[in-house]
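In mature numbering (1 follows the signal peptide of the UniProt record, and there is no 0), the protein residues as written are -21 to -1, 1 to 309.
Single-structure report; data block below.
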């Protein structure tokens, strides 16, 4: 009867594989669960999980599945070289629910080992507070613009003098105001929540949150998500370069395009580390330039990353940035 020893050996092999997979998973996910607390019905609430590759191998995200039809997922890079990271953003639409709500997603990874990772989300959705639309979405805006978005907040609870006593944002890039607008026929108190994006907002994908504190005896706060895509006046393409495996002392050169809607001159080309250097095309103001980025691999083996800045003479425009990654192979 050799079946029992074979089954035991198979089980031991599976247990060992699971333990290895679980050990590296624990190191690359700083967080695998998040509780939004109390939220208004109709809110679109956002949370971003990070995957930081602290292993010695490349990580590949093959797929994912959500735990509720109310949840959307946006994954950054699906191939994560060692020493780099990516983000997994989950958005829950609370419009059709009240009370406790659990959701999240399962991330399917097939390298360096096959593993499924649960990223869990929880919230409590108040039926007596509604928000329309469910988030402050400025959309795509040019840097230095100051767009304004307004939302309607309704309270249908049993506190006659219910009010928002304090508002705060996570950064100083957004200004928020709340004004009462009266009551509906059925007694709901109505408010207009306005948010203005300041010109100080940085370039790129911007997220923030307005926290509403009320005089509700429960002490619950109401989060309101903020998002915007702030475009640079100057764009570098590609904005990320993976130089791959490079031998110590060897040199790799990549060409990038720098463009804008108006003519400009390149003023400074600078790498955050000495191994990166840049050479621009001939001088002259025009809306498109090419830059050769040269990387000379250091002697020390292992993961390498650095940022390359490209400055222009456009007024109030910060330097455009290019991120570079490499693995120095002995």
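For every residue, glycine included, the Cβ atom is placed at its ideal position computed from N, Cα and C.
Contact belief for residue i with residue j at Cβ below 8 Å, rounded distance in angstroms
i           : j           : result
residue 34  : residue 3   : 5 Å
residue 272 : residue 226 : No, residue 272 and residue 226 are not in contact; Cβ-Cβ is about 18 Å, not under 8 Å.
residue 288 : residue 298 : 4 Å
residue 41  : residue 89  : 4 Å
residue 143 : residue 192 : 7 Å
For residue i, the first and last residue of its enclosing beta strand (DSSP E)
i           : result
residue 285 : 281 to 291
residue 271 : 265 to 275
residue 250 : 245 to 250
residue 315 : What the structure shows of the chain is the stretch from -21 to 309, and residue 315 is not part of that stretch, so it cannot be assessed.
residue 90  : 78 to 90
residue 117 : 115 to 121
residue 302 : 299 to 307
residue 386 : Residue 386 cannot be examined here, being either before or after the span of the chain that is shown, -21 to 309.
Residue i classed as buried or exposed, judged by whether at least 16 other C-beta atoms fall within 10 angstroms
i           : result
residue 202 : buried
residue 29  : exposed
residue 218 : exposed
residue -2  : Annotation note: pLDDT 49 at residue -2 (below 50); position unreliable, no value reported.
residue 184 : exposed
residue 295 : exposed
Between the CA atoms of residue j and residue i - distance to the nearest angstrom
i           : j           : result
residue 85  : residue 66  : 14 Å
residue 109 : residue 22  : 8 Å
residue 249 : residue 256 : 7 Å
residue 127 : residue 177 : 9 Å
residue 194 : residue 59  : 46 Å
residue 159 : residue 133 : 10 Å
residue 173 : residue 16  : 23 Å
residue 137 : residue 71  : 27 Å
residue 222 : residue 64  : 16 Å
residue 293 : residue 51  : 38 Å
residue 107 : residue 11  : 30 Å
CB of residue i within 8 Å of CB of residue j, strictly
i           : j           : result
residue 77  : residue 18  : no
residue 38  : residue 91  : yes
residue 119 : residue 175 : no
residue 303 : residue 285 : yes
residue 129 : residue 171 : yes
residue 83  : residue 98  : yes
residue 266 : residue 240 : yes
residue 209 : residue 182 : yes
residue 180 : residue 152 : yes
residue 308 : residue 280 : yes
residue 310 : residue 187 : Residue 310 falls outside the range modelled here, since the chain spans only -21 to 309, and no answer is possible.
residue 68  : residue 53  : yes
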